[in-house]
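Here the protein sequences line up with chains A and B, keeping their order. One point on numbering: in the numbering used here, the residue at position 116 of the first sequence is 116, and numbering is uninterrupted. One point on numbering: in the numbering used here, the residue at position 203 of the second sequence is 203, and numbering is uninterrupted. Idealized CB from N, CA, C, for every residue including glycine. Presented below is the structure to which this report refers.
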Amino acid sequence: MKPTPFFLVLLALGLALILSLAIGSVFLSPVELWDALRGQGIQTAMQILWDIRLPRTVLVALTGAALGGSGAAYQGLFRNPLADPFLIGVASGAGLGAVIAMSVKWPYSFWGLMAIPMAAFVAALLTVFIVYFLARVGQTVPTTNLILAGVAFSSFATSLTSFLMLRSTGEVRRALGWLLGGASQSGWTAIIAMTPYLIIGLGILTLSGHALNLLQFGDDQAQQLGLNVGRAKTVMLIAASLATAAAVAFSGIIGFIGLIVPHVMRLWFGADYRRLLPLSIIGGAIALLVSDVIARVVLAPQEIPVGIVTALAGAPFFLWVLRRTKNQGFW
Amino acid sequence: MLRIENLCVDYGLRRVLHDVSLNVQSGEVVALIGPNGAGKSTLIRTVSGVVPARSGHVHTNGDDFRSLTHIQRARYLAVVPQAVSLPPAFTVWETVLLGRTPYLGFLGQPSQADEDLARRALERVHALEFAERRVGELSGGEAQRVLLARALCQSTPILLLDEPTAHLDLQYQVSLLQLVYELAHHDHLAVLVALHDLNLAAHYADRVALLVGGRIKAIGAPREVLTSELISDAYCLPVQVVEHPLSGGPLVLPG
Chain A
1 MKPTPFFLVL LALGLALILS LAIGSVFLSP VELWDALRGQ GIQTAMQILW
51 DIRLPRTVLV ALTGAALGGS GAAYQGLFRN PLADPFLIGV ASGAGLGAVI
101 AMSVKWPYSF WGLMAIPMAA FVAALLTVFI VYFLARVGQT VPTTNLILAG
151 VAFSSFATSL TSFLMLRSTG EVRRALGWLL GGASQSGWTA IIAMTPYLII
201 GLGILTLSGH ALNLLQFGDD QAQQLGLNVG RAKTVMLIAA SLATAAAVAF
251 SGIIGFIGLI VPHVMRLWFG ADYRRLLPLS IIGGAIALLV SDVIARVVLA
301 PQEIPVGIVT ALAGAPFFLW VLRRTKNQGF W
Chain B
1 MLRIENLCVD YGLRRVLHDV SLNVQSGEVV ALIGPNGAGK STLIRTVSGV
51 VPARSGHVHT NGDDFRSLTH IQRARYLAVV PQAVSLPPAF TVWETVLLGR
101 TPYLGFLGQP SQADEDLARR ALERVHALEF AERRVGELSG GEAQRVLLAR
151 ALCQSTPILL LDEPTAHLDL QYQVSLLQLV YELAHHDHLA VLVALHDLNL
201 AAHYADRVAL LVGGRIKAIG APREVLTSEL ISDAYCLPVQ VVEHPLSGGP
251 LVLPG
C-alpha cells in the first residue's frame with residue numbers, strides 16, 4: 001500500500017473542512033477560525049463555529065463518508081459500476097423507514113432519536129434484498145435490471161413517504177426539507193446518535209477489502225480461493241446498509257456521492273478494494289463537504305438542499321459511466 | 001490423491017451427475033472429455049465445493065472435503081477457470097496474489113514470502129514481464145496463463161482446470177497443456193483437466209475419463225478410451241481413430 005494516495009486525499013479533506021468551516025452567511029477568516037477553535041476569539045465567531053458550522057461540517061463529512069464507503073461496497077458486492085445507495089433504492093427505502101419511525105409519536109428523547117436510524121437500517125436492508133432478488137438473473141445482477149428494480153422500488157418508497165408526510169402534521173412535515181438532503185437537522189445530538197452506526201458499518205467495510213477483491217472474480221472463483229462467499233456477502237450488505245441508513249436518517253436522501261466517488265478513486269488509484277474502500281470513505285466526505293459549501297453560497301443568503309447539488313453534478317456523471325461501461329468499460 | 005466416490009449432483013429435480021467415481025494420483029494428468037452438457041464443468045465445480053453434491057464423497061489423503069472449511073479446501077485444491085469476464089481494472093500482479101488467500105490473515109496483507117511465490121508462479125507461466133498490466137488488456141492466452149499462475153500460488157497438491165484451452169489459438173493450447181503436463185510430472189501435482197479437444201487430451205493426458213450424460217462411460221489410457229466405437233457413440237458422430245505418425249497415440253478424425 002503506497003502512502004501517496006492517502007496523503008493526497010487527507011490533504012484535500014483538510015482543505016474541504018476548512019472551507020466548510022469558513023464559508024457561510026458570515027465569512028470566518030482562517031485566523032478567526034483558529035482563534036475560535038481555541039476558544040479565544042470574539043463571541044459571535046465562537047458561537048457561529050461551535051453551534052452552527054462545526055456540527056454541520058462534522059455531520060456532512062460523516063454523511064459523505066458513509067455514502068462513499070457504502071457506494072464502493074455496493075459496487076463491489078453487485079459487481080456493478082452503477083450501484084449506488086441512491087440508484088439501487090436503498091436510500092429511498094431507508095428514508096421511508098425513517099419517516100415511518102418519525103410518524104410514530106416517540107417521546108422526544110435520546111432513544112427516540114436512536115429509533116429513527118434503526119428503522120432506516122431495517123428498511124434499507126429489506127430494500128437491498130428485495131431489489132437484489134428482483135434484479136438477479138442466475139448468478140449475476142445485470143446493470144439494467146439492478147437500476148430498473150432500484151428505480152421502481154425507489155418510486156414506490158418515495159410515494160409512500162410522501163403519503164405519510166401529507167397526512168401528518170408538524171414534526172413529520174418538516175421532514176420534507178430534510179428528505180431532500182439538507183443537513184438542516186444539525187446539532188451535536190445527531191452526530192452522537194449517528195456515530196456508532198458509522199463506526200460499525202464503515203469499520204466492517206474497511207476490513208472487507210480483500211473479500212471484495214475476491215468477489216470481483218465471481219462467486220465461484222472467490223469460493224475456490226477460500227472465501228466463505230455467503231457469509232462475507234451477508235456481512236458486507238448489512239454493513240453497507242448500516243452506513244447508508246445512518247446517512248439517510250440524519251441527512252436525508254443524497255444521491256450520486258456513492259456513485260461518483262468510488263469511480264473517481266478507482267480511476268486514480270486502482271481497483272484494489274483494500275485501498276479503494278478507505279479512499280472512497282474519505283473521498284465521500286470531501287465530495288459532500290464541497291457540495292454543501294456550494295449549496296450554501298449559490299443562492300446566498302438562501303440555502304438549497306445539498307441533494308440538488310449532488311444530483312446536478314451526479315446525473316451527467318451517471319450517463320458518462322453508463323456510456324463507458326457500454327463500450328467495454330474500464331471498471 | 002484425489003478420490004471421487006459415487007458422486008451424484010442434482011440441479012433442481014434434474015440429476016446431472018450419476019454415481020461418478022474417479023481417482024487422480026499425484027503426478028498424473030487425467031483428462032475429462034465428453035460432449036457439451038455431459039457434466040464436465042459440473043463435476044469440477046462440485047469437486048471444488050461450489051456446487052453441493054447430492055450424495056457421494058470427495059476425499060484427499062483421507063480428509064472428506066465436506067468436513068473442511070473453505071480455506072482448508074483452498075489449500076488442497078486450486079481451480080483454473082475459463083478466462084471469461086475477469087474484472088478488467090485489476091493488475092496481473094494483484095490477481096495472482098489473490099491465490100495466496102488461503103494463507104493470508106484477515107486483512108489479506110501478503111508477506112514477502114507470498115510475493116516471492118507469486119513472482120515465481122508468474123515466471124513459471126512466462127507472464128512476469130506483463131505483471132503490471134491490467135487484466136482487461138490481456139489476450140485470451142495471456143489471461144489463461146495468469147489464472148494458472150494464481151492457481152499455482154495456492155500451493156495445492158491438486159489442480160483442476162475447466163477447459164483451459166477454450167478460445168485459445170493452437171500454439172497457446174499446446175504451450176499451456178505442456179506446462180500442465182510438467183506440473184504433474186515434475187511437480188507431482190494431481191491434475192484433472194476438462195478438455196474439448198480429444199487429440200490434445202490424447203497427447204497430454206496419462207488417463208482419459210469419458211463423461212456422457214452425467215455418467216462415466218470409460219476411463220483408462222488414451223488408446224483404451226479414444227476408440228472409434230466409444231467416441232462415435234458418445235458424440236453421436238461417426239469417427240475414425242488412426243495412429244499419430246510421431247507419437248503413436250490415438251488421433252480422432254470425424255468421418
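Sequence-ordered contacts of the segment 84-105 of chain A with chain B are nonexistent [C-beta pairs closer than 9 Å]. Within chain A, the residues whose beta carbon sits less than 8 Å from that of R45 of chain B are D220, listed in sequence order. Within 10 angstroms of the beta-carbon of T42 of chain B lie 16 or more other beta-carbons, which makes it buried.
Among the residues facing chain A, E94 of chain B is included, as its CB has a counterpart in that chain under 8 Å away. Nearest in C-alpha terms to T95 of chain B, of all of B:Q72, B:A127, B:H203 and B:S26, is B:A127. Taking a beta-carbon distance threshold of 8 Å, N228 of chain A counts as an interface residue toward chain B. The three-state secondary structure of N6 of chain B, taken from DSSP, is strand.
N61 of chain B sits in coil when the DSSP states are folded into three classes, being neither helix nor strand. Here S111 of chain B is exposed. Its C-beta has fewer than 16 other C-beta atoms within 10 Å.
The three-state secondary structure of D19 of chain B, taken from DSSP, is strand. According to the DSSP assignment, V96 of chain B belongs to the alpha helix (DSSP H) that extends over V92 to L97. In the three-state scheme derived from DSSP, where H, G and I count as helix and E and B as strand, P196 of chain A is classed as helix. Close partners of N213 of chain A in chain B (Cβ separation under 8 Å): F90, E94, L98 and G108. Residues of chain A whose Cβ lies closer than 8 Å to the Cβ of I71 of chain B are, in chain order, G226. Excluding five sequence positions before and after L13 of chain A, the CB atoms of its chain that fall closer than 7 Å to its own CB belong to I282, A285 and I286, given in chain order. Ranked by Cα distance from L225 of chain A, the options B:V16, B:H70, B:V193 and B:K217 are led by B:H70. Interface criterion not met: the Cβ of P164 of chain B is under 8 Å from no Cβ in chain A. A check of alpha carbon separations from T161 of chain A across A:D272, A:N145, A:A123 and A:I192 identifies A:A123 as the nearest.
Taking a contact to require three or more Cβ pairs closer than 8 Å, the segment 55-70 of chain B and the segment 107-126 of chain B do not qualify as touching. The beta carbons of L205 of chain A and A232 of chain A sit no closer together than 8 Å. Going by DSSP, E243 of chain B is part of the beta strand (DSSP E) stretching over V239 to E243. Under the Cβ criterion of 8 Å, G69 of chain A is not counted among the residues facing chain B.
For a Cβ distance threshold of 8 Å, residue set Q224, L225 and G226 of chain A lies close to A74 of chain B, ordered along the chain.
Across the structure, E163 of chain B and N228 of chain A are spaced so that their CA atoms are roughly 25 Å apart. In terms of beta-carbon proximity, P157 of chain B stays away from the interface with chain A, with every pair separated by 8 Å or more. Secondary structure note for A194 of chain B: its beta strand (DSSP E) is the uninterrupted segment A190 to A194.
In the DSSP assignment, R207 of chain B falls within the beta strand (DSSP E) that extends over R207 to V212. Taking 8 Å as the cut-off, the beta carbon of L215 of chain A is found no closer than this to the beta carbon of R53 of chain A.
A distance below 8 Å separates the beta carbons of L202 of chain A and A65 of chain A. Shown here, L253 of chain B sits in a strand according to DSSP, grouped into three states. Taking a beta-carbon distance threshold of 8 Å, R266 of chain A counts as an interface residue toward chain B. When Cβ pairs closer than 8 Å are counted between the two stretches, the segment 16-31 of chain B is seen to touch the segment 180-189 of chain B, the count reaching three or more. With respect to P262 of chain A, S280 of chain A sits close: the two C-beta atoms are nearer than 8 Å. Rounded to whole angstroms, the gap between the alpha carbons of L237 of chain B and L251 of chain B is 15 Å. In this structure, I238 of chain A sits near L125 of chain A, with a CB-CB distance shorter than 8 Å. Sixteen is the threshold: when 16 or more other Cβ atoms of the shown chains lie within 10 Å of the Cβ of R150 of chain B, as they do, the residue is buried.
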